[in-house]
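Residue numbers (my numbering): 876 to 1203.
What follows is the structure, encoded as structure tokens:
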């Protein structure tokens, strides 16, 4: 099973750190932070699997947090006369931890379900089509997705691994609009043939330069120039424009099964707010420490020094306590 427990996105980290776009190894820092949380706190994105337990008379401790049940078999026979507890779950969007059954559990219990500590999703307002063998995802609005997002499409989970012009991003798609008027390498306001073709938050490419759209007014786009560490450049009138709307995805993650998708809606898995914040903190501190050649010291005594000694903040224990289930 491909275990994709990624708890924040590249776009979120870029925004919080006020970076000028994606940069090499930023996604890796997010992976590292998420892996640390997985090992120390547990899963916050559901994983589909079958667990086998030894039966007891009426009540069985699941031994792991269970978010939803697909099927229960007792000694090979499917049963439905069971009740999960706590009936209100351990917390909002949280798990069950034991099952009861008046008829008892026999000697062997098999439970097909989704396991983990949390299940919450956001509707992304996108529908897509995707072949079963495809490793890319194409959307009409590139502002809504980012590497690092774990998506649910029908019953399949997919992890976005690249896009928006960042590291290993798929190429952008040619737009219909052209640049309407030449620009120098400093202007942040550009005019296009049809502003309605684009969305704020998308990344464009003109020549070899990437531009991030901050705001749109009619046919005028306010952009951050030299995005994704590209070089700011002058561009001629009627220069072609491309837009990043294709993403590389890892299919069938967290125990789900790949399937052809036809006009299916996309949802994004959301971890709890405190876990999401912790993932962003750890990823950001890892990045900052790496920029000091892992010495943890930035700046100098004349202009001031900043120290990045511990990339694992003190809040870890407090967050862990929020999701502790001592009897599992």
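Just so it is clear, CB atoms sit at the ideal spot from N, CA and C, and this is done for glycine as well.
Residue pairing by DSSP puts residue 989 in a beta bridge opposite 923, 943. Per DSSP, the unbroken beta strand (DSSP E) holding residue 1090 starts and ends at 1084–1092. Here the alpha carbon of residue 1134 sits roughly 13 Å from the alpha carbon of residue 1012. Per the coordinates, the alpha-carbon of residue 1200 lies some 48 Å from the alpha-carbon of residue 1098. Between residue 1096 and residue 897, the alpha-carbon positions lie close to 20 Å from each other. The continuous beta strand (DSSP E) containing residue 1078 extends over residues 1078–1081.
Your pair residue 1082 and residue 1110 checks out as a contact, with CB atoms roughly 6 Å apart and the cut at 8 Å. Residue burial is scored here from C-beta neighbours: residue 1085 has at least 16 other C-beta atoms within 10 angstroms and is therefore classed as buried. Inter-residue distance for residue 968 and residue 1197 is about 13 Å (C-alpha atoms, whole angstroms). In the DSSP assignment, residue 1152 falls within the unbroken alpha helix (DSSP H) covering 1148–1166.
Residue nearest to residue 1009 within the set 1124, 1195, 888, 879 is 1124 (criterion: CA-CA distance).
Rounded to the nearest angstrom, the gap between the Cα atoms of residue 1122 and residue 894 is 21 Å.
The Cβ atoms of residue 1034 and residue 879 sit closer than 8 Å to each other. A residue is called buried when at least 16 other Cβ atoms come within 10 angstroms of its Cβ; residue 1189 does not meet this threshold and is exposed. For residue 1197, the enclosing alpha helix (DSSP H) starts and ends at 1190–1197. Per the coordinates, the alpha-carbon of residue 1052 lies some 27 Å from the alpha-carbon of residue 889. Taking a cut-off of 8 Å for Cβ pairs, the stretch 915–928 and the stretch 979–994 touch, as three or more such pairs fall below it. Relative to the Cα of residue 1166, the nearest Cα in the group 1130, 927, 904, 886 belongs to 904. DSSP places residue 906 outside any beta strand (DSSP E); the residue lies instead in the alpha helix (DSSP H), whose first and last residues are 901–915. Annotation for residue 888: the continuous alpha helix (DSSP H) segment containing it runs 885–892. Taken through DSSP and simplified to helix, strand or coil, residue 1031 comes out as strand. With a 10 Å radius around the Cβ and a threshold of 16 neighbouring Cβ atoms, residue 902 comes out buried. DSSP places residue 994 outside any beta strand (DSSP E), giving it a letter other than H or E.
Taking the Cβ atoms as the reference, residue 1056 lies roughly 24 Å from residue 1018, outside the contact range of under 8 Å. Within the model, the alpha-carbon separation for residue 1065 versus residue 1103 is close to 18 Å.
Where residue 1118 is concerned, the enclosing beta strand (DSSP E) starts and stops at 1115–1118. Ranked by how close their Cα comes to the Cα of residue 1003, the residues 1079, 995, 1020 have 1020 in first place. Put simply, of 970, 965, 948 the residue whose alpha carbon is nearest the alpha carbon of residue 983 is 948.
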